[in-house]
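Numbering (UniProt numbering), first residue to last: 1 to 349.
From the three backbone atoms N, C-alpha and C, an ideal C-beta is built for every residue, glycine too.
This structure is a prediction, so every number in the text was calculated from the model and none was measured.
This report refers to the structure that appears directly beneath it.
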Amino acid sequence: MPDTLTKLAYQTFQQSKQAFGYTHKTLINRLREVVAPGSSNTNTVAIPPETLALLKQRLDALVETDWEEAEAGTYPTSLLFDNPWDDFFKYYPMVVLDTPSVWERSANKEYQKFSQGIDTTEYPSYYIQNFHHQTDGYLSEMSANLYDLQVELLFNGSADAMRRRILAPLKHHIDGLSVSTAKILDVACGTGRTLKMIRDTLPKTSLHGVDLSPTYLRKANELLTKEPGTLPQLIQTNAEKLPYLDNYFEATVSVFLFHELPGEVRQTVIDECYRVTQPGGIFIICDSIQQVDNPEFTPMMENFPTVFHEPYYRHYSTDDMQARLETAGFHNIEISNHFMSKYWVAKKA
Ligand SMILES: C[S@@+](CC[C@H](N)C(=O)[O-])C[C@H]1O[C@@H](n2cnc3c(N)ncnc32)[C@H](O)[C@@H]1O
């Protein structure tokens, strides 16, 4: 397909996902007013129209950057259209059917409620949470099946475009090495979307992923075995104590993890990422923007943990991550923002 057509197709694809996300949220909110009046969280700050306009501009800029990097050959353009359609059609009705129980838990301030039969004893206490009010937190098959769709609805279809912003610095680093098979670790790999993108971008690398959730790892395995390509090694473990030798990986990445950790755990995980990364290697973080980046988004950053139950987000939003990376020993830290996300590319001396 000629480039202009592919670009148009990508823009249309993104606009449809945005429209779907907006429509879903509007309908769900209206339904809530009818079915469970008074259950909405009223402690939220109104977002001024100019902030919403700025947000839209940043979303458009993200889509443009995503296109430009694909067009420049950083990753295949097919990645731009990569979407788990089967899952989306299959699980959308369940996202809707699960919504009343989310309202109920949220109205009753039940943040650590798990179904009978889910064993929560093996996990750190900070993890035993219904993050985003998800039924069973990160610990059920259903949660793993619904997660990607829920994140796409939350970010109006831009979650993968935000994840892809780690690919350019990662590829740049790996292409500059003389090793035949570089090793890359994804810390808190979740359902495996980032690992899949890295495999499509850097097919000769050896990929590894860790996560605390056994059900999310099973989902990642399902995604990564669907298409040909070397299978990443997936290990269920706590990122605070990574089961790898010192200086093992040419690159370590982590996407959307740090806002879900308490401050001191954030530092422990960064220290671990430093330990397992080779001297000369890089560590790339993708997570939410922080208050220092866009003070005009502060009302949204204040609403987010209230509406979505993100118990460590408020602390994260003002945390000095650069200082944490430097404390671990990283240097040459490059920071950037895209839409609602922030990136740190840090080097180990
Ligand atoms: C918001 S999700 C992000 C998942 C994935 N990286 C993505 O881009 O969708 C956070 C993930 O971090 C994992 N997680 C949280 N705390 C962890 C820890 N201490 N060690 C390992 N994984 C952890 C959760 O199980 C979950 O899969």
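Worksheet item: Using DSSP with H/G/I as helix, E/B as strand and the rest coil, what is Gln57?
Response: helix
Discussion item. Quick check: the region 39–59 against the region 185–204, are at least 3 beta-carbon pairs closer than 8 Å?
Written reply: no
Worksheet item: By how many angstroms is the C-alpha of Trp103 removed from the C-alpha of Thr12?
Response: 32 Å
Practice prompt. State the DSSP-derived secondary structure class of Cys189, mapped to helix, strand or coil.
Written response: coil
Fill in: Contact set for Ile270: own chain, Cβ-Cβ below 7 Å, skip 5 residues either direction
Arg324, Leu325 and Ala328
Fill in: Bridge partners - Val337, DSSP secondary structure assignment
For clarity, residue 337 is Asn in the given sequence; the question names Val instead. DSSP, once it has assigned bridges, lists Lys342 as partnering Asn337.
Fill in: Nearest-residue set for ligand 1, Cβ under 5 Å from any heavy atom
Tyr138, Ala188, Gly190, Asp211, Leu212, Ser213, Tyr216, Asn238, Ala239, Val255, Phe256 and Leu257
Item to complete: Use the C-beta contact count for Trp85: other C-beta atoms within 10 angstroms, 16 or more gives buried, fewer gives exposed.
Response: exposed
Discussion item. Please identify the residue among Leu185, Pro48 and Arg163 whose C-alpha is closest to the C-alpha of Thr194.
Written reply: Arg163
Worksheet entry | Option nearest Ile166 by Cα separation, candidates Tyr216, Ser178 and Ile184 | Ile184
Item to complete: Count the other C-beta atoms from every protein chain shown that fall within 10 angstroms of the C-beta of Pro49, then say buried if there are 16 or more, exposed otherwise.
Response: exposed
Worksheet item: What first and last residue would you give for the alpha helix (DSSP H) that runs through Gly263?
Response: Gly263 to Val276
Discussion item. Taking the beta strand (DSSP E) that Ala251 belongs to, which residues open and close that run?
Written reply: Phe249 to Val255
Discussion item. Using the three-state DSSP reduction, which class does Gly21 fall into: helix, strand or coil?
Written reply: helix
Worksheet entry | Those runs of the alpha helix (DSSP H) which lie wholly inside the region 163–236 and span at least 4 residues | 167–175, 193–201 and 214–226
Practice prompt. Check whether the Cβ atoms of Met340 and Phe131 lie closer than 8 Å to each other.
Written response: no
Fill in: Cutoff 7 Å; reference Lys347; Cβ partners in own chain excluding five residues on either side
Ile282, Phe330, His331 and Asn332
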